[in-house]
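In my numbering, the protein residues as written are 1 to 169. Just so it is clear, CB atoms sit at the ideal spot from N, CA and C, and this is done for glycine as well. The structure presented is a predicted model; accordingly, all values stated were derived computationally and were not measured. The structure appears below as structure tokens.
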């Protein structure tokens, strides 16, 4: 498969994955553009890989982790006042949308590898073996990252009354 065909077929999925990792449409597009720029230069080698999708997703996750490390040293603002403005269709201001946004905010606070594991497993619906290939780790590490992420999310979720319907005590 040629580079242009790959981007045409997989580009939207890569942007969607990046949006879930960085929680910002514009940063996600920048991330994908940077990764695809690097992939273009190496396409001869990448196209010979066993699974091109795994290779490119790995590049995307690794670049996201690099960005996060680099940004952790500085300060940056995230506008959470209007989380639905970049989505197509009418703005859903109901309770379901508020709960979903609060849950994504909790996911966004996870360490980068845990967040990548959660997104790849529950949003991309990939199995442990595929996630391990993308993250270049063992399947046991994938399971432990997921277990830690879910434990953290459960703990944080219990402290948010709006999501549990209970008082946080």
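Could you tell me the boundaries of the alpha helix (DSSP H) in which residue i lies?
i           : result
residue 12  : 3 to 22
residue 40  : 25 to 41
residue 136 : Run containing residue 136: none; DSSP gives neither H nor E here.
residue 49  : Per DSSP, residue 49 belongs to no alpha helix (DSSP H) and is neither H nor E.
residue 115 : 112 to 118
Should residue i be counted as a contact of the ligand FAD given a C-beta to heavy atom distance under 6 Å?
i           : result
residue 111 : By its list of ligands, the structure shown contains no ligand whatsoever, and the ligand FAD lies outside what it can speak to.
Expressed to the nearest angstrom, what Euclidean distance is found between the alpha-carbon atoms of residue i and residue j?
i           : j           : result
residue 35  : residue 60  : 6 Å
residue 47  : residue 40  : 10 Å
residue 151 : residue 50  : 34 Å
residue 92  : residue 63  : Because the pLDDT at residue 92 is just 45, under 50, the model does not fix this residue reliably, and the value given afterwards should be weighed accordingly. Approximately 32 Å between the Cα atoms of the pair.
residue 126 : residue 133 : 11 Å
residue 14  : residue 26  : 13 Å
residue 109 : residue 118 : 12 Å
residue 149 : residue 22  : 17 Å
residue 140 : residue 130 : 12 Å
residue 43  : residue 37  : 10 Å
residue 65  : residue 135 : 11 Å
residue 143 : residue 122 : 13 Å
Take residue i as the anchor and find which of the options has the nearest alpha-carbon.
i           : options             : result
residue 45  : 64, 3, 32 and 21    : 3
residue 57  : 144, 6 and 158      : 6
residue 115 : 8, 151, 146 and 155 : 146
residue 52  : 1, 26, 127 and 123  : 1
residue 112 : 20, 43 and 30       : 20
residue 101 : 30, 137 and 157     : 157
residue 154 : 120, 139 and 104    : 104
residue 159 : 130, 106 and 137    : 106
residue 67  : 28, 144 and 9       : 28
Taking only beta-carbon positions, decide if residue i is within less than 7 Å of chain D.
i           : result
residue 113 : Considering every chain present, this structure includes no chain D. It has just one protein chain.
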